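As structure tokens, the structure follows; a few thoughts come after it.
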Amino acid sequence: MEKFDAIIIGAGAAGMFCAAMAGQAGSRVLLIDNGKKPGRKILMSGGGRCNFTNLYTEPAAYLSQNPHFCKSALARYTQWDFIGMVDKHGIAWHEKTLGQLFCDDSAQQIVEMLVAECEKGKVTTRLRSEVLGIERDEQGFTLQLNGDSVRTGKLVIASGGLSMPGLGATPFGYKVAEQFGLKVLPTRAGLVPFTLHKQLLEQLQVLSGVSVPSVITAENGVSFRESLLFTHRGLSGPAVLQLSSYWEPGEYVSVNLLPDTDLEAFLSEQRNDHPNQSLKNTLAMQLPKRLVECLQQLEQIPDVTLKQLNVRQQEELCDKLQNWQVQPNGTEGYRTAEVTLGGVDTNELSSRTMEAKKVPGLYFIGEVMDVTGWLGGYNFQWAWSSAWACAEALR
Ligand SMILES: Cc1cc2nc3c(=O)[nH]c(=O)nc-3n(C[C@H](O)[C@H](O)[C@H](O)COP(=O)(O)OP(=O)(O)OC[C@H]3O[C@@H](n4cnc5c(N)ncnc54)[C@H](O)[C@@H]3O)c2cc1C
24 MEKFDAIIIG
34 AGAAGMFCAA
44 MAGQAGSRVL
54 LIDNGKKPGR
64 KILMSGGGRC
74 NFTNLYTEPA
84 AYLSQNPHFC
94 KSALARYTQW
104 DFIGMVDKHG
114 IAWHEKTLGQ
124 LFCDDSAQQI
134 VEMLVAECEK
144 GKVTTRLRSE
154 VLGIERDEQG
164 FTLQLNGDSV
174 RTGKLVIASG
184 GLSMPGLGAT
194 PFGYKVAEQF
204 GLKVLPTRAG
214 LVPFTLHKQL
224 LEQLQVLSGV
234 SVPSVITAEN
244 GVSFRESLLF
254 THRGLSGPAV
264 LQLSSYWEPG
274 EYVSVNLLPD
284 TDLEAFLSEQ
294 RNDHPNQSLK
304 NTLAMQLPKR
314 LVECLQQLEQ
324 IPDVTLKQLN
334 VRQQEELCDK
344 LQNWQVQPNG
354 TEGYRTAEVT
364 LGGVDTNELS
374 SRTMEAKKVP
384 GLYFIGEVMD
394 VTGWLGGYNF
404 QWAWSSAWAC
414 AEALR
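In terms of the numbering used here, the sequence shown is numbered consecutively and its last residue is 418.
As structure tokens, this is what we get:
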């Protein structure tokens, strides 16, 4: 039976990076994936340009039942370290917005970089491979694969979360955790569009494709200032994706469609200068015309001129546009979610090495555990940082 110093399951962001670093440190590493090519999510990421990290990475950008868990790994392998590697490979990049770094050309470059780093570490990669069973004894782990069995003293689970089953996502990592008696926290889709109740959806469907700057706030007070996109299924755009990670079914979200405008002052000023101007045309100076027309058809905007607009109507209008209460019907779920919230309980793991406290030699890295980042490169940075911490421990 073939033996390896470390076996890593999942050739995604975390698994490839960990394999490369451990291999380069001298370990004999086997990297296993169920897909026919490595790094499939990386290829799809950032609209094909991979938002590979964020300049402003900090622990506050991560959700976890233990918010302190991510601190050590993020501090030991930082965004600057990963940028250094990207630069070393001559990959050109740019900041798009809010510290989000993307490849100038293609996400394929990040996958090629990781493959090259794995080759440098003499990593053995087996694709289209299933792990049918894992047994543990005092010396380590025996993995039954389709075809043969392999042995290792150190087993790393990097099989990711449940989002995008079409890209190979499976609950494998959670099942391994449970097999070894580790707690797995309930999972749900994160960074995912909201769906709307039928009546509201029918009313807003004409707005499909309209995007507006917004501030969206969850019932727990968390809010994001980014754009909101109306879609044929509901609401999307960066602000909505971000907020979805903080939203619980049944809750309302509050939407400010004019976050940069003092609407009362704007209307008063316009009323002084153009009293006969229609309210609709006045609002169209601040909001997309299609949105204003739709809201007027839904009788959310009165069909009046500015001089006809009374104090009560103005107050109601400001409330509707700047404190719109929406109760999402749900989310689009794992089919379109970028990440999975929850997962292997971090209390079961060492924050320094990612090793299971109760099961020496068993490690979890990346998205499979209960650490989920905001939109904007934070999730890949967690993959790199947790993988690096683990690779250091595999030496
Ligand atoms: C469409 C999309 C776009 C995204 N864009 C960004 C972005 O731009 N920036 C960002 O930071 N984050 C982005 N994310 C999130 C990011 O891709 C993930 O957080 C990250 O890939 C997690 O890395 P991972 O290595 O833990 O898991 P993954 O990258 O998901 O890798 C897990 C690997 O394990 C394999 N696997 C699963 N089950 C098994 C099994 N039973 N046996 C063998 N192998 C198995 C899978 O095939 C996969 O290759 C995006 C996600 C999606 C879905």
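We treat Cβ as the ideally placed atom computed from N, Cα and C, and that holds for glycine. Computed from a predicted structure; not experimentally measured.
- Residue state for TYR275 is assigned as coil, using DSSP reduced to three classes.
- Annotation for ARG51: PHE27 and ASP28 place their beta carbon closer than 6 Å to its own, counting only its chain and skipping 5 residues before and after.
- In the displayed model, TRP270 falls within coil according to three-state DSSP, outside both helix and strand.
- Nearest Cα to LEU223 within the set VAL199, PHE253, PHE247 and VAL215: PHE253.
- Bounds of the beta strand (DSSP E) holding ASN74 are 74-77.
- The three-state secondary structure of CYS413, taken from DSSP, is helix.
- At least one heavy atom of ligand 1 sits closer than 6 Å to the Cβ of SER186.
- In this structure, DSSP gives ILE324 a state outside helix and strand, which the three-state scheme calls coil.
- DSSP places GLU118 inside the beta strand (DSSP E), whose first and last residues are 116-118.
- Taking 3 residues as the shortest admissible run, the segment 326-355 contains the following complete beta strand (DSSP E) segments, listed from N- to C-terminal end: 347-349.
- LYS198 carries a helical assignment under DSSP once its states are collapsed to helix, strand and coil.
- One Cα belongs to GLN162, the other to LEU178, and the distance between them is close to 12 Å.
- Taking C-beta atoms as the reference points, GLY191 and ARG358 fail to come closer than 7 Å.
- Contact between MET39 and CYS141 holds, with the beta-carbon distance rounding to 6 Å and staying under 8 Å.
- Judged by beta-carbon spacing, CYS126 lies beyond the 7 Å limit of VAL229, meaning their Cβ atoms are not closer than that value.
- In this structure, THR120 lies away from GLN404, with their beta-carbon atoms at least 7 Å apart.
- Not a single heavy atom of ligand 1 lies less than 6 Å from the C-beta of GLU322.
- Shown here, ASP160 sits in a strand according to DSSP, grouped into three states.
- ASN243 has its CB no nearer than 6 Å to any heavy atom of ligand 1.
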